[in-house]
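Residue numbering for the sequence shown follows full-length UniProt numbering, starting at 1 and increasing by one per position.
All C-beta atoms in this analysis are idealised placements derived from N, C-alpha and C, irrespective of residue type, glycine included.
If you're wondering where the values come from, they're calculated on a predicted model, not measured in any experiment.
So the structure is just underneath, and the comments pick up after that.
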Amino acid sequence: MCLSVLQIPTIIGTAHIIWEEISGLDENYTPIRTYQVCQVMEPNQNNWLRTNWIEKGDAQRIFVELKFTLRDCNSLPGVVGSCKETFNLYYQETDLEVGRNIRESQYVKIDTIAADESFTQGDLGERKMKLNTEVRIIGPLSRRGFYLAFQDVGACIALVSVKVYYKKCWSIIENLATFPDTVTGSEFSSLVEVEGTCVSDAEEEADNSPKMHCSAEGEWLVPIGKCICKAGFHQKGDACEPCGRGFYKSSSQDLQCSRCPAHSYNDREGSWRCDCEDGYYRALSDPPSVACTRPPSAPQNMLYNINHTTVSLEWTPPADTGGRNDVTYRIICRRCTWEPEECFPCGSNVGYSPQQSGLTDTYVTITDLLAHANYTFEVEAVNGVSDLSRTQRLFAAVSIATSQAVSIFPVFFLSAPSQVSEVIKERVQQHSVQLSWQEPEQPNGVITEYEIKYYEKDQKDRIYSTVKSKSTSATVNNLKPSTAYIFQIRAFTAAGYGTFGPRVEVTTKEESTGSGDEQNPVIIIAVVAVAGTIILVFMVFVKFPGTKTYIDPETYEDPNRAVHQFAKELDASCIKIERVIGAGEFGEVCSGRLKLPGKRDVSVAIKTLKVGYTEKQRRDFLCEASIMGQFDHPNVVHLEGVVTRGKPVMIVIEYMENGSLDAFLRKHDGQFTVIQLVGMLRGIAAGMRYLSDMGYVHRDLAARNILVNSNLVCKVSDFGLSRVIDDDPEAVYTTTGGKIPVRWTAMEAIQYRKFTSASDVWSYGIVMWEVMSYGERPYWDMSNQDVIKAIEEGYRLPAPMDCPPGLHQLMLDCWQKDRADRPKFDQIVGILDKMIRNPNTLKTPMGTCTRPISPLLDQNTPDFTSFRMVSEWLEAIKMERYIDNFTAAGYSSLESVARMTIEDVMSLGISLVGHQKKIMSSIQTMRAQMLHLHGTGVQV
Numbered sequence: 001m002c003l004s005v006l007q008i009p010t011i012i013g014t015a016h017i018i019w020e021e022i023s024g025l026d027e028n029y030t031p032i033r034t035y036q037v038c039q040v041m042e043p044n045q046n047n048w049l050r051t052n053w054i055e056k057g058d059a060q061r062i063f064v065e066l067k068f069t070l071r072d073c074n075s076l077p078g079v080v081g082s083c084k085e086t087f088n089l090y091y092q093e094t095d096l097e098v099g100r101n102i103r104e105s106q107y108v109k110i111d112t113i114a115a116d117e118s119f120t121q122g123d124l125g126e127r128k129m130k131l132n133t134e135v136r137i138i139g140p141l142s143r144r145g146f147y148l149a150f151q152d153v154g155a156c157i158a159l160v161s162v163k164v165y166y167k168k169c170w171s172i173i174e175n176l177a178t179f180p181d182t183v184t185g186s187e188f189s190s191l192v193e194v195e196g197t198c199v200s201d202a203e204e205e206a207d208n209s210p211k212m213h214c215s216a217e218g219e220w221l222v223p224i225g226k227c228i229c230k231a232g233f234h235q236k237g238d239a240c241e242p243c244g245r246g247f248y249k250s251s252s253q254d255l256q257c258s259r260c261p262a263h264s265y266n267d268r269e270g271s272w273r274c275d276c277e278d279g280y281y282r283a284l285s286d287p288p289s290v291a292c293t294r295p296p297s298a299p300q301n302m303l304y305n306i307n308h309t310t311v312s313l314e315w316t317p318p319a320d321t322g323g324r325n326d327v328t329y330r331i332i333c334r335r336c337t338w339e340p341e342e343c344f345p346c347g348s349n350v351g352y353s354p355q356q357s358g359l360t361d362t363y364v365t366i367t368d369l370l371a372h373a374n375y376t377f378e379v380e381a382v383n384g385v386s387d388l389s390r391t392q393r394l395f396a397a398v399s400i401a402t403s404q405a406v407s408i409f410p411v412f413f414l415s416a417p418s419q420v421s422e423v424i425k426e427r428v429q430q431h432s433v434q435l436s437w438q439e440p441e442q443p444n445g446v447i448t449e450y451e452i453k454y455y456e457k458d459q460k461d462r463i464y465s466t467v468k469s470k471s472t473s474a475t476v477n478n479l480k481p482s483t484a485y486i487f488q489i490r491a492f493t494a495a496g497y498g499t500f501g502p503r504v505e506v507t508t509k510e511e512s513t514g515s516g517d518e519q520n521p522v523i524i525i526a527v528v529a530v531a532g533t534i535i536l537v538f539m540v541f542v543k544f545p546g547t548k549t550y551i552d553p554e555t556y557e558d559p560n561r562a563v564h565q566f567a568k569e570l571d572a573s574c575i576k577i578e579r580v581i582g583a584g585e586f587g588e589v590c591s592g593r594l595k596l597p598g599k600r601d602v603s604v605a606i607k608t609l610k611v612g613y614t615e616k617q618r619r620d621f622l623c624e625a626s627i628m629g630q631f632d633h634p635n636v637v638h639l640e641g642v643v644t645r646g647k648p649v650m651i652v653i654e655y656m657e658n659g660s661l662d663a664f665l666r667k668h669d670g671q672f673t674v675i676q677l678v679g680m681l682r683g684i685a686a687g688m689r690y691l692s693d694m695g696y697v698h699r700d701l702a703a704r705n706i707l708v709n710s711n712l713v714c715k716v717s718d719f720g721l722s723r724v725i726d727d728d729p730e731a732v733y734t735t736t737g738g739k740i741p742v743r744w745t746a747m748e749a750i751q752y753r754k755f756t757s758a759s760d761v762w763s764y765g766i767v768m769w770e771v772m773s774y775g776e777r778p779y780w781d782m783s784n785q786d787v788i789k790a791i792e793e794g795y796r797l798p799a800p801m802d803c804p805p806g807l808h809q810l811m812l813d814c815w816q817k818d819r820a821d822r823p824k825f826d827q828i829v830g831i832l833d834k835m836i837r838n839p840n841t842l843k844t845p846m847g848t849c850t851r852p853i854s855p856l857l858d859q860n861t862p863d864f865t866s867f868r869m870v871s872e873w874l875e876a877i878k879m880e881r882y883i884d885n886f887t888a889a890g891y892s893s894l895e896s897v898a899r900m901t902i903e904d905v906m907s908l909g910i911s912l913v914g915h916q917k918k919i920m921s922s923i924q925t926m927r928a929q930m931l932h933l934h935g936t937g938v939q940v
């Protein structure tokens, strides 16, 4: 710790005592050096200690950890009233080291520091010290550096150490992208977006640049986008390594290197393709993954038939296709002289059926030849690499002389049937379609069967099925409901299949729970009548018990059963994560899109489970989904489903565009009418009524756990602390520990860990206060212990500014000490409905209590509204020593006192923290009493 004494220009009436550097013992009796000051015997202390100039670098948010000891004023005999048990922490930003030229007034106060533990015995230099540790945050900082200063105003304190630090996300390689050391943002909730740099021999995936977000706690959040190894390289750990000899990788989209295909090789590392062996080739359209091939051998078994000036040729395929399946044939026709024998191309007057080249069948008819002429025909088999080969081509040849004679055995060549063009949709059901059609106009033979090809429209013919039919109609079964299908039909004769006809689109019917028109209407009417009679009789003679439909997932021996029973399992490929929007208890929270088959894609929020989770964390994470999956209400957040069979494990819920209610209200402070705010409260109450009716206790109802969509609909969310209660109305759920949100929690839940729907009503009253104050923190800057004490003493939050009396009275009813006196959610919804229908009722309290009450006080709290003078009030709270302070400052009436703030109290020279708190607590109670008595708020 490097500290220096702060020299302050002379200030009238202020003493300056230098802090002393003294040795002492820590809690383990280890010698340490401290800075101490203990001038409690002298009044009006103002002692400063300052650090050297600290350069902040890239940091914007600085953490200051203080370790110190402090002596209890009560253990110091004979001290004057100026003894303090606190000291102040200040800072001052500068761009350069300025020495001692900073005045006291130029420092910015960070906080008043108090001790959790103080000592009462022992000499100051020999005692065993009880260390206190406090951490404070400074920021955002904008200059190059800063000083820290410590002000003592009359305490006995020893400053042991000062640790100044900032947080950052350490450099990391994720998805083959390097993310450098990154300093966290200036705000607690800020996320710093960082672009990643691909490692060597890697490149960014198309339209998917690598990004990560550095959280305020110095943790990297879920990565978006990635880098992939270039062609010729494969991933090994966090690097890209070249493919070895004899291996290749043709594209960055491939995951691994592959061995060179047949008849190819490479003798270098990092290859994206393999070269072909001599005599083998690849066509230009062949991908590198295809084996090298060669031209085919010659066709075999050439046969011919002459009919006047027409020649028919037939052959069988070559013995060797060269390793390819794209063999075709081409005909070379030459007319030769009789003597000497010379041959010339036949020319364009000769006809070929079906064609001269590109033949896939092993026959051809050549027409319009000259009579009494000598012809040579060559049939060459070719494939995709024939034109690349430099070797001599192989073919079958035959020489023929035409004549005028007519063959006794003419040869006929059949043609395939024409298209089936007229298709009729006879009957369309949820799972089947019946089609009929007309025979092709040109069957070109006897049609022996039809083939129906069909596929889902979205598949674009990639995956299809076929059905055969002997007639001109067919029924296609096993189809999906509400799905568009494409159908095509072709005919078959002895000449083979014709081409498929035009595409016909048919959409199957929507799925329904009933049997539709497939059932007998008479039977349906009879069944409905009988069922109605049974239900009516049952309702008349049987009294329904208070059944609860909610099932606690913790009652399952195997929690995975609960997840799969109540939550829909989603395919991870249907979910697209777009960006990180925050951090949750178990991992990151993202926004994205969900596209389920046959449905439109929707915006969703995605909670992810961080890597390295334990089985307990996974179980606790999915427990919320098991709970949410049981709810279906417009004011409760809807669960879309879960991903448990992949990584990361995800919970997918509906996306609420405006986020949490508290942040939304703070962002739009003062922009809504009272009726709009009441409408939001009504939605929250309706959601809680639904949960309460199911026998469900939320336990963490707060504005931060209410989500708001684009239509300002509020929905209850965050069921991490929620639990169920038993059927017994008096039964409660008792926890064995854990954190409790004190400012939102009912007294009995804080004191005895007893949670019921009534304790949720208390929390709802706090939510009402948050909404009407536009997201202000309940109980402001009071500590949790002060809040608990104030509530026990009868204090309740006053009405927010401009809050109608009727709404504040409803809050007070929710905060009844006896939980039996609090309203039910059903009553709350009814009251809010009346306020929305008749806004005039907002001006008049509409509480649910049937007896006169003072919900602000217990029996031992004075009624401050009965006092006439400020002095009477101060005497009642045993603070009469400050009567002159109030009189000198002009506070002559209790109405003016009720408007005071903590700053006003401090300006009167009241420096003892305990006295400040006591006076402010009394002022807040006075303010609430005036509100309860007159039905109007006292504006601060």
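> Cα separation between residue 247 and residue 165?
Replying inline: As a position in the sequence shown, residue 247 is number 247, starting the count at 1. As a position in the sequence shown, residue 165 is number 165, starting the count at 1. The straight-line gap from Cα to Cα measures roughly 51 angstroms.
> At which residues does the alpha helix (DSSP H) containing residue 562 begin and terminate?
Replying inline: Within the sequence shown, the letter at position 562 stands for residue 562. Unbroken alpha helix (DSSP H) run through residue 562: 559-566.
>> In the DSSP output, which residue or residues are listed as bridge partners for residue 698?
In response: Here residue 698 is taken as the residue at index 698 of the sequence shown, counted from 1. Residue 698 is not bridged by DSSP to any residue.
>> Could you pull the DSSP bridge partners for residue 300 from this structure?
In response: Numbered from its first residue, the sequence shown carries residue 300 at position 300. Answer is 316.
>> Is the separation between the beta-carbon of residue 898 and that of residue 926 shorter than 7 angstroms?
In response: As a working note, residue 898 is residue 898 in the sequence shown. As a working note, residue 926 is residue 926 in the sequence shown. Taking a C-beta distance under 7 angstroms as the contact criterion, residue 898 and residue 926 qualify as a contact pair.
> Expressed to the nearest angstrom, what Euclidean distance is found between the alpha-carbon atoms of residue 539 and residue 652?
Replying inline: Within the sequence shown, numbered from 1, the residue matching residue 539 stands at position 539. Within the sequence shown, numbered from 1, the residue matching residue 652 stands at position 652. Only weak support is given to the placement of residue 539: the predicted model assigns it a pLDDT of 40, under 50, and the question is left unresolved by the model.
> Is the Cβ-Cβ distance between residue 424 and residue 436 less than 7 angstroms?
Replying inline: Taking the first residue of the sequence shown as position 1, residue 424 is located at position 424. Taking the first residue of the sequence shown as position 1, residue 436 is located at position 436. The Cβ atoms of residue 424 and residue 436 sit closer than 7 angstroms to each other.
> If we call anything under 7 angstroms between Cβ atoms a contact, is residue 550 one with residue 779?
Replying inline: In the sequence shown, the residue the question calls residue 550 occupies position 550. In the sequence shown, the residue the question calls residue 779 occupies position 779. One thing to note: residue 550 has its Cβ no nearer than 7 angstroms to the Cβ of residue 779.
> Where residue 59 and residue 173 are concerned, what is the direct C-alpha to C-alpha distance, given to the nearest angstrom?
Replying inline: Within the sequence shown, numbered from 1, the residue matching residue 59 stands at position 59. Within the sequence shown, numbered from 1, the residue matching residue 173 stands at position 173. So the alpha carbons of these two residues sit roughly 22 angstroms apart.
> With burial defined as no fewer than 16 other Cβ atoms inside 10 Å of the residue's Cβ, what is the status of residue 579: buried or exposed?
Replying inline: Position 579 of the sequence shown, counting from 1, holds the residue named residue 579. With fewer than 16 other CB atoms across the displayed protein chains lying within 10 angstroms of its CB, residue 579 is exposed.
>> According to DSSP, is residue 82 part of a helix, a strand, or is it coil?
In response: Along the sequence shown, read from residue 1 onward, the residue named residue 82 stands at position 82. Residue 82: coil per DSSP, three-state reduction.
> Taking the DSSP output, what are the residues bridged to residue 275?
Replying inline: The count along the sequence shown starts at 1 and reaches residue 275 at position 275. Note: residue 275 sits in a beta bridge opposite 265.
> Pick from 568, 567, 624: whose alpha carbon is nearest that of residue 586?
Replying inline: The sequence position of residue 586 within the sequence shown is 586, counting from 1. In terms of CA proximity to residue 586, 624 leads the group 568, 567, 624.
>> Per DSSP, what are the beta-bridge partners of residue 488 in this structure?
In response: Working through the sequence shown from its first residue, we reach residue 488 at position 488. In DSSP, residue 488 forms a bridge with 453.
>> Tell me the residue span of the alpha helix (DSSP H) that contains residue 675.
In response: Numbered from 1 along the sequence shown, position 675 holds the residue referred to as residue 675. For residue 675, the enclosing alpha helix (DSSP H) starts and ends at 674-693.
> From residue 813 to residue 630, what distance separates their C-alpha atoms?
Replying inline: Here residue 813 refers to the residue found at position 813 of the sequence shown. Here residue 630 refers to the residue found at position 630 of the sequence shown. C-alpha separation (whole angstroms): 30 angstroms.
> Which residues mark the beginning and the end of the alpha helix (DSSP H) in which residue 827 is found?
Replying inline: Taking the first residue of the sequence shown as position 1, residue 827 is located at position 827. Bounds of the alpha helix (DSSP H) holding residue 827 are 825-837.
>> Mapping the DSSP letters down to three states, classify residue 782 as helix, strand or coil.
In response: Along the sequence shown, one-based indexing puts residue 782 at 782. Assignment of residue 782 by DSSP, reduced to helix, strand and coil, places it in the coil class.
> Quick one, are the C-beta atoms of residue 665 and residue 764 less than 7 angstroms apart?
Replying inline: By one-based count along the sequence shown, residue 665 stands at place 665. By one-based count along the sequence shown, residue 764 stands at place 764. With respect to the 7 angstroms criterion, residue 665 and residue 764 are not classified as neighbours on the basis of their beta carbons.
>> Is it buried or exposed, residue 519, if we count other Cβ atoms within 10 angstroms and call 16 or more buried?
In response: As a working note, residue 519 is residue 519 in the sequence shown. Reliability fails at residue 519, whose pLDDT of 46 lies under 50, so the model's placement of it is uncertain and no value is given.
>> For a test of the three-state rule: what should DSSP assign to residue 32, helix, strand or coil?
In response: The residue you call residue 32 lines up with position 32 of the sequence shown. Secondary structure at residue 32: strand, using DSSP grouped into helix, strand and coil.
>> At 3 residues or longer, what runs of the beta strand (DSSP E) sit wholly inside the region 193-224?
In response: For the region 193-224, the full-length beta strand (DSSP E) segments reaching 3 residues or more read 202-204, 211-214 along the chain.
>> Can you list, in chain order, the residues of its chain with a C-beta nearer than 8 angstroms to that of residue 472? Leave out the 5 residues immediately preceding and following it.
In response: For the purposes of this step, residue 472 is taken as the residue at position 472 of the sequence shown. Correct list, in chain order: 436, 437, 438, 439, 450.
>> I'd like to know if the region 111-120 and the region 38-45 are in contact, where contact means that at least 3 CB-CB pairs between them fall below 8 angstroms.
In response: They do not touch, by the three-pair rule.
>> Please report the distance separating the alpha-carbon of residue 364 from that of residue 337.
In response: Locating residue 364 in the sequence shown gives position 364, where the first residue counts as 1. Locating residue 337 in the sequence shown gives position 337, where the first residue counts as 1. Distance between the alpha carbons of residue 364 and residue 337: 24 angstroms.
>> Tell me the rounded alpha-carbon separation between residue 140 and residue 61.
In response: On the sequence shown, residue 140 is found 140 positions in, with the first residue counted as 1. On the sequence shown, residue 61 is found 61 positions in, with the first residue counted as 1. About 5 angstroms.
>> Whole angstroms are fine: how far does the CA of residue 241 sit from the CA of residue 142?
In response: Here residue 142 refers to the residue found at position 142 of the sequence shown. Here residue 241 refers to the residue found at position 241 of the sequence shown. When rounded, the separation of the alpha-carbon atoms in residue 142 and residue 241 is 44 angstroms.
> Considering only C-alpha positions, which residue in the set 387, 304, 188, 345 is nearest to residue 281?
Replying inline: Translated into positions along the sequence shown, residue 281 becomes position 281. The residue with the shortest Cα to Cα distance from residue 281 is 387.
>> Beta-carbon within less than 8 angstroms of residue 284's beta-carbon, same chain only, minus the 5 sequence neighbours each way: which residues are those?
In response: Taking the sequence shown and counting its residues from 1, one reaches residue 284 at position 284. Contacts found: none.
> Using a Cβ-Cβ cut-off of 6 angstroms (strictly less than) and excluding sequence neighbours within five positions of residue 332, which residues of its own chain qualify?
Replying inline: Taking the first residue of the sequence shown as position 1, residue 332 is located at position 332. The answer, listed in chain order, is 378.
> Which ranges would you report for the alpha helix (DSSP H) in the UniProt domain "SAM" (865-929) if only whole runs of at least 4 residues count?
Replying inline: Within the UniProt domain "SAM" (865-929), the runs of alpha helix (DSSP H) that reach at least 4 residues and sit entirely inside it are, in chain order, 870-876, 883-888, 894-898, 902-907.
>> Please state the DSSP three-state secondary structure of residue 840.
In response: On the sequence shown, position 840 is the one that residue 840 refers to. Here DSSP, grouped into helix, strand and coil, assigns residue 840 to helix.
> Can residue 367 and residue 293 be called in contact, C-beta distance under 7 angstroms?
Replying inline: Here the question's residue 367 lines up with position 367 in the sequence shown. Here the question's residue 293 lines up with position 293 in the sequence shown. Result no, Cβ atoms of residue 367 and residue 293 do not sit closer than 7 angstroms.
> Hey, would you say residue 769 sits closer than 7 angstroms to residue 807, going by beta carbons?
Replying inline: Stepping through the sequence shown from its first residue, residue 769 is reached at position 769. Stepping through the sequence shown from its first residue, residue 807 is reached at position 807. It is not a contact, given that the beta carbons lie outside the stated cut-off.
>> Buried or exposed, going by whether 16 or more other CB atoms sit within 10 Å of the CB of residue 85?
In response: Taking the first residue of the sequence shown as position 1, residue 85 is located at position 85. Buried, since its Cβ has 16 or more Cβ neighbours within 10 Å.
> Do the CB positions of residue 596 and residue 575 come within less than 7 angstroms of each other?
Replying inline: Indexing the sequence shown from 1 puts residue 596 at position 596. Indexing the sequence shown from 1 puts residue 575 at position 575. At least 7 angstroms separates the beta-carbon of residue 596 from that of residue 575.
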